[in-house]
Every structure is written in structure tokens, then in C-alpha cells.
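Student: For reference, the structure I am asking about is given below.
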Amino acid sequence: MAYHLKGYSNQEIANQMGISRPTVIKYVKQYNQELVDLEKATTMEEKEAIIIKSSSPPKYHAVNRKKIKLTPEVEQIIEVCLEENEIKRERGMRKLVMKNKDIHELLISKKFDISYRTVCHFVAERNQKQKEAYIRQEYPMAKAAEFDWGDVTLYIDELGCERRFKIGVFTLKYSDYRFAYLYTTENTESFLDIHTKFIEHIQGVPEEIVYDNALVQVQRLAGREKKPTEAVMRLSNYYGFNPRYTNYYRGNEKGHVERSVEVIRRKAYSKQHHFKTIADAVDALLQAVERENTKLKQRSQKSAETAFAEEKAYLNPARIPLDVTQVTCCKVDKYSLIYVDCNFYSVPDYLVQKEVKVHKGVSTIKIFYNQKFLFQTQRILGRNQYKIDIQHYLGTMKKKPGAIAHSLALKQATPWLQQIFHQHYTTNPKDFIYFLELIQDHSLNKVKFATEYLIRNQLPVTASHIKNEIIQARTVSTKVISFPSQEAIQAACQDQLSEISTLYNQGGCLWKNS
212 MAYHLKGYSN QEIANQMGIS RPTVIKYVKQ YNQELVDLEK ATTMEEKEAI IIKSSSPPKY
272 HAVNRKKIKL TPEVEQIIEV CLEENEIKRE RGMRKLVMKN KDIHELLISK KFDISYRTVC
332 HFVAERNQKQ KEAYIRQEYP MAKAAEFDWG DVTLYIDELG CERRFKIGVF TLKYSDYRFA
392 YLYTTENTES FLDIHTKFIE HIQGVPEEIV YDNALVQVQR LAGREKKPTE AVMRLSNYYG
452 FNPRYTNYYR GNEKGHVERS VEVIRRKAYS KQHHFKTIAD AVDALLQAVE RENTKLKQRS
512 QKSAETAFAE EKAYLNPARI PLDVTQVTCC KVDKYSLIYV DCNFYSVPDY LVQKEVKVHK
572 GVSTIKIFYN QKFLFQTQRI LGRNQYKIDI QHYLGTMKKK PGAIAHSLAL KQATPWLQQI
632 FHQHYTTNPK DFIYFLELIQ DHSLNKVKFA TEYLIRNQLP VTASHIKNEI IQARTVSTKV
692 ISFPSQEAIQ AACQDQLSEI STLYNQGGCL WKNS
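Residue numbers for the sequence shown follow the working numbering, beginning at 212 and rising by one.
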């Protein structure tokens, strides 16, 4: 329009702009019409609208473009596929729904020339919904608590590697009071344990606890039906709270704890993620939770700890902590091993091909046979690993002493025990079995003390010599030395002096007290 106002002809403007003369004529006519409309306008709003329109750059209007590839027939086929997807979801067949790629391949197989992006655009427009609005909630005291899991990767020196851990977090909805604990895995034992710790910590029970749809907390039935797991039923029946589950993909329904997991994880481990032991990592988490609970809230100007002190009186009374061990039966294989949660543990070799009961805790397992407690051991971190006690194979090693040298049982024994075997028993492995029996009959400390005594005195380190040293040490420690009384000592002295007087013919009564 600047060229037009300067007096350029339409052809000159077309040559200058590099566009066709009819296009120039169209925009000149449009401009002249807008000037006429501006003169006819009576209100300020109409004039402003005309001025804005005339001063804005031209736009390409694509509203009235016809759909060449996306014909009504193609739209109908896509609609049928999407309706079938809805039916499959309602029947619990979510994994069989057709993706956009599958619908596109179906159209291509029916000889329709259409691009994948056109199919995606149509499906997105069909499924486009109005932006969801949320309603802020306020809960009464002791009404509800929320629970959720979170992941964190830490380096632990005692494990010698980086490992992913699970953070379990509880948040009370009224006071926003938080409780968290660190676990190696997200399993039923950890789920039960953190509930008992939380209820014992707050000394009460809320009316309901809100969960998401994790497998450890809910069983999925057909469609959208849900059923609490056995662990949730066990907890709710014992402590008397009502479990409630959120809808799928609706994290906002437990927004308190969703935010709490993020905050606590960042506050506890963002500055330091390298620890010597797991216990140190747990301490860092507990300290971070305590700091967050004592911070003042901007809206209420009081801390979560203060609000919880008000809420605590309204909680239902807590019972004694629930026993969280899980009991399962395991059959002992030919290697005298049982398979517990993807790991192998040794048991005494007389139990081969028999069933034992395993009481699984968070960090330990206990083995029972015929209602009799056998032993307790620490749980293994990881998968497909072995934990073998060489004492469990004494009966087998008596029959096969040559198998000791390269056995996994010896490799997992203490470094001191391996050193003793390689220095003194490689040529006589059978005597090493008697050495192990001495440890079983007495104790490792006593056998170790006797062995080191023999080594210092350059004596043979055999089972018989060690046994003799243990017996002698026991005899010395149990021998009672009796001291005579003062009267007995005085009487003995008088008798000796009387004998001496007799020898010198001085009489026996001279030395006696009168």
C-alpha cells in the first residue's frame, strides 16, 4: 500500500514486489473498500477494527480447504476402529487396542492413499477434550492419609556399586505431616513394614488411606474394577482403616503425597547421594523429613508438626505393631539350596528334597522345619545370587572331602577360614571337616584363639591339637584355687613351731598362746 500511496501503477508495484498484477489489484481494491467502510463507521470500535484489519499483513485462509485424502469413507473406518478400542478397554483388553499406526496400516491395506500424519491429526482432533479444571480440597482432621512410592539411585560403599532404592512416603492430608523410609525393593514385606512404622510413629490410625494402582496394593479385575491385595486387606482389617484407590492416570487425586515424594527425595539426596552404609542413607532421609515437618507454611504460618499435634487427638487408637513377616514353603533342591525371591540360600544338607517354611522379613529370613527354628540369615540384595554357609554341608563333605577346595561354600567363607584351609589343609581336606565341627561344637572365637596359639608356637594346626588346646583352656579357666582361712594358717604355724621346739628340747607349749 505504501507504493500505491506514492503513485506507483499496479504493474510497477507487481514488478517491484515480485508478485502478479491481479494480486496487486485485489489488495488495492480491498484497501479502497476499507477506506469507504472507515468513512461510514459511526463508532470508535468499528473504526479501530477496520484500521487493525487494513494495517495487518495478508493471511492465507485455509478454513475452506477441502479434505482430499480424508474422505467420509476413511473417517467412517477410523471411527469404527476407535469405537472398537473403547469396547476392548471396557472389557479389560487394553493391550489389544489399535494404535494409530495399526489404523493407518488397515487403511493402506484397503487401498486408501493417506499419510500417517493425517490419521494422527484426525484421531487427536476427535479425542480432543476441554482442559480439565481442578477443585481445591480441604479435609477434616484425621480423615485421610496418602501413600506412594518413589525411586532414588544411591551409591553405597558396603555394596560397592550404585543401586536403585525405593522411598515409601506417607502424608496426612489435613496437616501435611510426612513420614518416609528407605527400602531396597518395592515388595509386600516393605509395604507392610512401612505401614507399621508409620502407624507406630504417629501413634494413631487415620480413617482412610489413599493408594494409587501399583501391583503391590491393588488387583486389577476386568475393566476398571479393582480389588485390594491380601496385604492391604490384612492391614485394613488389623488397624481398622478404609483403603481407597485413585482413578487411572489421576495423580492429582493424591496430590499431597505426589509432591511429597519429589520434595523429600530432593531434600534428602540432591546434595549427597554417596553413603558408606544403607543405614547412613536412611538417617539422611529421616533427617530431611524432620526438617520439612518443622518448616513454617506460608499460608497458615505454622509447621506441619504443629498442625499434626492438633490432629493427633482425632486419630483412631493404634494397636501393637503387626507382624509383617510373610510365610512361604520352599523345597530344598539337590544342592541343599532354597529359592527365595529370585535368590538362593543354603540349608543343612540333611534337608535335601524336603520342605521348609521360610518367614520372610524386610531384611532377614528365618528357616523352620517341623515347627522347629533352624537359623536366621540376612536377605540378599539383587537377583540370582547365592548365600551359602559352609557349616550346612558338613555331612556331605565327610563323604566328598575332595570337593571342598573348589566349592562355592569355601569361596563364600570368611577370609580367615579360607586362609587356614589353603595354608594347613589342602593336602588333608578331611581334617578340615573336623576343624569345622570344632567350630560348630564350641565357637569360632575359641577355635580361632587355639589355632593362633598353635601357629605362634609353631605347632601342627590339626583338629586334635586344637581340641586339646580348647580343653586345656577350659580346665585352667574352671580350676578353683582355694585359700586357707586365717585360723588355719595360724594353727599350722603353731604346729610347725612346736615341732621345732621339740627338736631343740624346748617343749611344745612354749610357742602356744595361753
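Even glycine gets a Cβ: it sits at the ideal position worked out from N, Cα and C. Remember, it's a predicted structure, so these values are computed and weren't measured experimentally.
Would you check if there are 3 or more beta carbon pairs closer than 8 Å linking the region 416-426 to the region 539-555?
Tutor: no
Student: Going by the beta-carbon positions, is the gap between His603 and Ser557 smaller than 9 Å?
Tutor: Translated into the one-based positions of the sequence shown, residue 603 becomes position 392. Translated into the one-based positions of the sequence shown, residue 557 becomes position 346. It is a contact, given that the beta carbons lie within the stated cut-off.
Student: From the DSSP output, in three-state form, read off Phe187 for me.
Tutor: Only positions 212 to 725 of the chain appear in the structure, and residue 187 is not among them; the question remains open.
Student: Within 10 Å of its beta-carbon, does Asp387 have 16 or more other beta-carbons around it, so buried, or fewer, so exposed?
Tutor: Here residue 387 refers to the residue found at position 176 of the sequence shown. Result: buried.
Student: So, under 8 Å CB-CB, Lys478 and Ala499 are touching, yes? Tell me the CB distance rounded to an integer number of Å.
Tutor: Walking along the sequence shown from the start, residue 478 turns up at place 267. Walking along the sequence shown from the start, residue 499 turns up at place 288. That belief holds up - the Cβ atoms of Lys478 and Ala499 are roughly 4 Å apart, short of 8 Å.
Student: According to DSSP, which residues form a beta bridge with Asn679?
Tutor: Locating residue 679 in the sequence shown gives position 468, where the first residue counts as 1. According to DSSP, which records beta bridges pairwise, Asn679 is partnered with nothing at all.
Student: Quick one: measure Cβ to Cβ for Asn221 and Val239, integer angstroms, because I've assumed they're closer than 8 Å.
Tutor: Residue mapping note: residue 221 aligns to position 10 of the sequence shown, counting from 1. Residue mapping note: residue 239 aligns to position 28 of the sequence shown, counting from 1. Confirmed, about 7 Å.
Student: On the criterion of 16 or more Cβ atoms from any shown chain inside 10 Å, does Ser471 qualify as buried, or is it exposed?
Tutor: The residue labelled residue 471 in the question sits at position 260 within the sequence shown. Label assigned to Ser471: buried.
Student: Please say whether Gln651 and Leu605 have beta carbons closer to each other than 9 Å?
Tutor: Sequence index remark: in the sequence shown, residue 605 carries index 394 (1-based). Sequence index remark: in the sequence shown, residue 651 carries index 440 (1-based). For Leu605 and Gln651, yes; Cβs fall inside 9 Å.
Student: Evaluate the contact criterion for the region 323-330 versus the region 357-369: three or more CB pairs, one atom per stretch, below 8 Å.
Tutor: no
Student: Does DSSP put Tyr350 in a helix, in a strand, or in coil?
Tutor: As a position in the sequence shown, residue 350 is number 139, starting the count at 1. If DSSP states are grouped into helix, strand and coil, Tyr350 belongs with coil.
Student: Between Leu665 and Val672, how many whole angstroms is the CB-CB distance? I'm expecting something under 8 Å.
Tutor: Taking the sequence shown and counting its residues from 1, one reaches residue 665 at position 454. Taking the sequence shown and counting its residues from 1, one reaches residue 672 at position 461. Sure, about 5 Å apart at Cβ, within 8 Å.
Student: Apart from the five residues on each side of it in sequence, which residues of its chain come closer than 8 Å, Cβ to Cβ, to Ile262?
Tutor: Counted from its first residue, the sequence shown places residue 262 at position 51. Once the five neighbours on either side are set aside, the close Cβ partners of Ile262 are Leu249.
Student: Tell me the start and end of each unbroken alpha helix (DSSP H) in the region 482-539 that is at least 4 residues and wholly inside, in chain order.
Tutor: List check, alpha helix (DSSP H) in window: 489-504, 515-522.
Student: Looking only at its chain, what residues have a beta carbon closer than 7 Å to the beta carbon of Lys690, apart from the 5 residues adjacent to it on each side?
Tutor: Numbered from 1 along the sequence shown, position 479 holds the residue referred to as residue 690. Low confidence applies here, because Lys690 scores a pLDDT of 47, under 50, leaving its location unreliable and the question unanswered by this model.
Student: Quick check on Cys292: buried or exposed, where buried means 16 or more other Cβ atoms within 10 Å of its Cβ?
Tutor: In the sequence shown, residue 292 corresponds to position 81, counting from 1. Under this definition Cys292 is a buried residue.
Student: Counting C-beta neighbours from all protein chains within 10 Å, is the total for Ile279 16 or more, i.e. buried, or is it exposed?
Tutor: In the sequence shown, residue 279 corresponds to position 68, counting from 1. Exposed is the call here.
Student: Output yes or no for whether 9 Å exceeds the beta carbon distance between Lys583 and Thr536.
Tutor: For this step, residue 583 is matched to residue 372 along the sequence shown. For this step, residue 536 is matched to residue 325 along the sequence shown. Going by C-beta atoms, Lys583 is not nearer than 9 Å to Thr536.
Student: Given this structure, state the Cα-to-Cα distance separating His215 from Gln244, to the nearest angstrom.
Tutor: Mapped onto the sequence shown, residue 215 falls at position 4. Mapped onto the sequence shown, residue 244 falls at position 33. When rounded, the distance between both Cα atoms is 14 Å.
Student: Can you tell me whether DSSP reads Ala433 as helix, strand or coil?
Tutor: Locating residue 433 in the sequence shown gives position 222, counting from the first residue. Its pLDDT being 48, under 50, Ala433 is placed unreliably by the model, and the measurement read from it follows with that caveat. Of the three classes helix, strand and coil, the one that applies to Ala433 here is coil, per DSSP.
Student: On the criterion of 16 or more Cβ atoms from any shown chain inside 10 Å, does Ser231 qualify as buried, or is it exposed?
Tutor: Numbered from 1 along the sequence shown, position 20 holds the residue referred to as residue 231. By the Cβ neighbour-count rule, Ser231 is exposed, with fewer than 16 other Cβ atoms within 10 Å of its own.
Student: Just to confirm before moving on: does the CB-CB distance between Arg374 and Thr364 stay below 9 Å?
Tutor: Here residue 374 refers to the residue found at position 163 of the sequence shown. Here residue 364 refers to the residue found at position 153 of the sequence shown. Yes, these two residues count as a Cβ contact at 9 Å.
Student: Going straight from the alpha carbon of Phe402 to that of Ala442, what length do you get?
Tutor: Residue numbering aside, residue 402 sits at position 191 when the sequence shown is read from its first letter. Residue numbering aside, residue 442 sits at position 231 when the sequence shown is read from its first letter. Distance between the alpha carbons of Phe402 and Ala442: 8 Å.
Student: How far does the alpha helix (DSSP H) with Tyr327 in it extend, from its first residue to its last?
Tutor: In the sequence shown, residue 327 corresponds to position 116, counting from 1. It spans 327-338 - the alpha helix (DSSP H) in which Tyr327 sits, taken as one unbroken run.
Student: If you compare alpha carbons, which of Arg530, Met608, Leu621, Gln634 is closest to Tyr597?
Tutor: Within the sequence shown, numbered from 1, the residue matching residue 597 stands at position 386. For the options Arg530, Met608, Leu621, Gln634, the alpha carbon positioned closest to that of Tyr597 is the one of Leu621.
Student: Hey, how far is the Cα of Ile405 from the Cα of Met309?
Tutor: As a working note, residue 405 is residue 194 in the sequence shown. As a working note, residue 309 is residue 98 in the sequence shown. In a straight line, the C-alpha of Ile405 is about 40 Å away from that of Met309.
Student: So Ala391 and Leu496 are in contact, right, with Cβ under 8 Å, and what is the actual spacing, rounded?
Tutor: On the sequence shown, position 180 is the one that residue 391 refers to. On the sequence shown, position 285 is the one that residue 496 refers to. The distance from the Cβ of Ala391 to that of Leu496 is about 6 Å, consistent with a contact at the 8 Å cut-off.
Student: Relative to the C-alpha of Tyr350, which candidate in Phe333, Tyr385, Cys372, Asn554 has its C-alpha closest?
Tutor: The residue given as residue 350 occupies position 139 in the sequence shown. Of the listed residues, the one whose Cα sits closest to Tyr350 is Tyr385.
Student: In this structure, does DSSP put Asn226 in helix, strand or coil?
Tutor: Walking along the sequence shown from the start, residue 226 turns up at place 15. Residue state, collapsed to three classes: helix.
Student: Near Ala433, what residues of its chain come up, given a Cβ to Cβ distance below 8 Å and the 5 sequence neighbours on each side ignored?
Tutor: Taking the sequence shown and counting its residues from 1, the one referred to as residue 433 is at position 222. Note that Ala433 scores a pLDDT of 48, beneath 50, so its modelled location is shaky; the value from the coordinates is reported in the next line. So the qualifying residues of the chain are Arg302, Gly303.
Student: Only counting runs of 4 or more residues, tell me where the alpha helix (DSSP H) segments fall wholly within the region 218-267, in order along the chain.
Tutor: 221-228, 232-251, 255-266
Student: May I have a chain-ordered list of the alpha helix (DSSP H) segments no shorter than 4 residues that lie completely inside the region 361-444?
Tutor: Listed in chain order, the complete alpha helix (DSSP H) runs (minimum 4 residues) inside the region 361-444 are 399-413.
Student: Which residue comes first and which comes last in the alpha helix (DSSP H) that contains Tyr214?
Tutor: Position 3 of the sequence shown, counted from the start, is the residue given in the question as residue 214. Residues 213-216.
Student: Determine the closest residue to Phe333 out of Thr539, Leu281, Gln512, with distance taken between C-alpha atoms.
Tutor: To locate residue 333, count along the sequence shown from 1; it is residue 122. Of the candidates Thr539, Leu281, Gln512, the one whose C-alpha sits nearest the C-alpha of Phe333 is Leu281.
Student: Tell me, which residues are paired with Asn554 by DSSP?
Tutor: Reading the sequence shown from its first residue, position 343 is the one you call residue 554. Beta-bridge pairing links Asn554 to Val551.
Student: Give the single residue among Leu647, Thr575, Ile644, Arg476 whose Cα lies nearest to the Cα of Lys377.
Tutor: Locating residue 377 in the sequence shown gives position 166, where the first residue counts as 1. Cα-wise, what sits closest to Lys377 is Arg476.
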